[in-house]
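Student: Pasting a structure below so you can have a look.
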Amino acid sequence: MKYFIFLLLIAAVACSDETKFCDQALSTDTHMRFIRDSLGFRRDTIMSKVTLYALGRDSIYKQQAVSDVFFALSPVADSSRFYLKVDSISDPDTLTFRYSRSQHFISPGCGFSTFFSLDTVITTQHTIQSLLINQKDITSTTNDTAHITLYFGF
Amino acid sequence: MIPRILRYTLGFSLWLSAAQAQVKPVTPPVTDTSVHRTDTTAHKADTIKPKAAAVVLPDSVYTVPGGLRIGLDLARFVVKAFQPYRTDVTVVGDYRIKKDLYLAAEAGWQSTSHSDTNYTYKGRGVFVTAGVDYNLLKKLLPQERYMIFAGIRYGFAQMSYEAPSYTISNSYWGDKLPGSVPKTNTSAHWVELIMGIKAEVLKNLFLGWNIREKILVSGPKDDIFPPIAIPGFGSGTKKSQFDWQYTISYCIPLNDIKVHVPRTPPKK
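Respectively, the protein sequence lines represent chains A and B.
In our numbering, each residue carries its 1-based index in the first sequence increased by 273.
In our numbering, each residue carries its 1-based index in the second sequence increased by 263.
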């Protein structure tokens, strides 16, 4: 009996079905952080009423107090444009992302996902002072480092 | 990778040394006529020249059954129950070259087919492994063929795979991006460390099982779309893989193997 239990345990360990479970993140969201620049002194800041959406699409954030935002680039186009308004009094900005796309196999349980590689990011400068691309590659790998940092001068 | 190999090597060595500790001098079977003949010769040599400075006694010789053992790995059919997308057939074989040493090889075929809402996958390939098994069981009568063995194999697989269709969904953009990945041909190399047993349940018919750790030496280079299964190795997304076999084999008796037991003259 012990012999068969041992063999069953071995079988269970060796024969797990990898296609049944998706244990990795499939989302490849762009992470954007807000920094306030006051006379050269830079610090993370929480914007009081952030509204963010892709032009022609639903809101991703609607007047929420956040210090950074996560959003998906279009998986069927090589550029995406977003509307960003960070509080009720400042003027909104438009960000244009240009990038290349590639499909990656994440795992047998998860299937495929689209990875992005940022080429350029252009923004109007109504409220945004400048921006910095920290990471060009947007993948499913969990990483606390923001892909883009936005600097605000007010 | 290197610490893992060192860990396995150390564990294997400890097990081997523990098994060697039970070694007892093999006593040639009394029924063997050749033993009688050599014993008699040795006795005569002792009586004729009792004052020889260095007496060289001929080896005792006896035989153990050899042959080619061919079988089937039944565990592959159990794997099919756990992993329905895999169909494997594995033929195993070994050939006794010394009393405790066997040349061993395996060959097989694998077909992989998977389909869900995200993607479809098809793969097919063959593999072969070759190496040796060493019998650690020392307290055997010459005609007994039980084995508790440790072995090592080098494996090679040649395969092709493709994703005829996949869909990437995006809830925000509302897009379903279809695509496909064409057929890719690739190969893989790996090393296996094995421990197991074999027992002769009927004359020349053996049942056995073994556990093994497979360590990928080089595999498919495609990081964008690796295979979900490598023939003979297992998962295509892992660098090492634990596996097991349950084998039924038949031994074709081909030859006997002579075992020489060196004898030393008794000390005065």
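Just so it is clear, CB atoms sit at the ideal spot from N, CA and C, and this is done for glycine as well.
The model shown is predicted, which means the values in this text are computed figures rather than measured ones.
Taking the CB atoms as reference points, tell me whether T428/A and T387/A lie closer together than 8 Å.
Tutor: This structure cannot settle anything about residue 428/A, because the visible part of chain A is limited to 274 through 427.
Student: Where do the N-terminal and C-terminal ends of the alpha helix (DSSP H) with K343/B fall, by residue?
Tutor: Its alpha helix (DSSP H) spans residues 338-345.
Student: Taking 7 Å as the limit between beta carbons, can you name the residues of its chain near A338/B, skipping five residues before and five after?
Tutor: Once the five neighbours on either side are set aside, the close Cβ partners of A338/B are W507, Q508, Y509.
Student: Answer with yes or no whether the minimum CB distance from V359/A to chain B is below 8 Å.
Tutor: False, the Cβ-Cβ gap to chain B never drops below 8 Å.
Student: For the region 426-433 of chain B against the region 452-467 of chain B, are there 3 or more C-beta pairs whose distance is under 8 Å?
Tutor: With a cut-off of 8 Å, the region 452-467 of chain B and the region 426-433 of chain B do not count as touching, because too few Cβ pairs lie within range.
Student: So, is H420/A buried or exposed, given that buried needs 16 or more other C-beta atoms within 10 angstroms?
Tutor: Burial call: buried.
Student: Quick one: list the residues of chain A neighbouring W436/B, beta-carbon separation under 8 Å, in chain order.
Tutor: A327, R330, A345, S347, P348, V349, listed in chain order.
Student: Under 9 Å Cβ-Cβ, which residues of chain B neighbour Q376/A?
Tutor: In chain order: Y429, I431, L440, G442, V444, I487, F488.
Student: Determine the contact status of V352/B and E369/B, defining contact as a CB-CB distance below 8 Å.
Tutor: No. Outside cutoff.
Student: Step through the CB atoms of chain A and report whether any lies within less than 8 Å of the CB of D351/B.
Tutor: No, D351/B does not count as interfacial toward chain A.
Student: DSSP three-state label for I362/A, please.
Tutor: If DSSP states are grouped into helix, strand and coil, I362/A belongs with coil.
Student: Below 8 Å, how does it come out for the region 371-386 of chain B and the region 401-419 of chain B: are there three or more Cβ pairs, yes or no?
Tutor: Short answer: they don't touch.
Student: Shortest alpha-carbon distance to D417/A belongs to which of A350/A, Y372/A, V342/A, S390/A?
Tutor: Comparing Cα-Cα distances from D417/A to each of A350/A, Y372/A, V342/A, S390/A, the minimum goes to V342/A.
Student: Would you call the CB atoms of V533/B and K362/B closer than 8 Å?
Tutor: Residue 533/B falls outside the range modelled here, since chain B spans only 264 to 531, and no answer is possible.
Student: Any residues in the region 368-384 of chain B with a beta carbon nearer than 9 Å to a beta carbon of chain A? Which ones, in chain order?
Tutor: The region 368-384 of chain B vs chain A, Cβ under 9 Å: H377, D379, T380, N381, Y382, Y384.
Student: Compute the Euclidean distance between the alpha carbons of P348/A and S375/A, then round it to the nearest angstrom.
Tutor: Roughly 9 Å separates the two Cα atoms.
Student: Any beta carbon of chain A sitting closer than 8 Å to that of S498/B?
Tutor: Judged by the 8 Å Cβ criterion, S498/B is in contact with chain A.
Student: How about G334/B and L517/B: do their beta carbons lie closer than 8 Å?
Tutor: Against a cut-off of 8 Å, the Cβ pair of L517/B and G334/B comes out as no contact.
Student: Just curious, the beta strand (DSSP E) that Q297/A is in, first and last residue?
Tutor: Element bounds for Q297/A: n/a, residue is neither H nor E.
Student: Here's the rule I'm using: 16 or more other beta-carbon atoms within 10 Å means buried, otherwise exposed. How should A344/B be labelled?
Tutor: Counting Cβ neighbours within 10 Å, A344/B comes out exposed, since fewer than 16 surround it.
Student: Among K521/B, A393/B, L320/B, L470/B, which has the Cα closest to the Cα of S512/B?
Tutor: Here the closest residue by C-alpha is L470/B.
Student: Is there at least one Cβ from chain B nearer than 8 Å to T412/A's Cβ?
Tutor: Taking Cβ atoms only, chain B never reaches closer than 8 Å to T412/A, which makes this a no.
Student: To the nearest angstrom, how far is the alpha carbon of R371/A from that of I406/A?
Tutor: Whole-angstrom Cα-Cα distance: 12 Å.
Student: Near T392/B, what residues of its chain come up, given a Cβ to Cβ distance below 7 Å and the 5 sequence neighbours on each side ignored?
Tutor: Cβ within range, chain order: A368, E369, R416, Y417, G418, E455, G495.
Student: Would you decide whether L328/A is buried or exposed? Buried here means 16 or more other CB atoms lie within 10 Å of its CB.
Tutor: The residue in question, L328/A, is exposed, as its Cβ has fewer than 16 Cβ neighbours within 10 Å.
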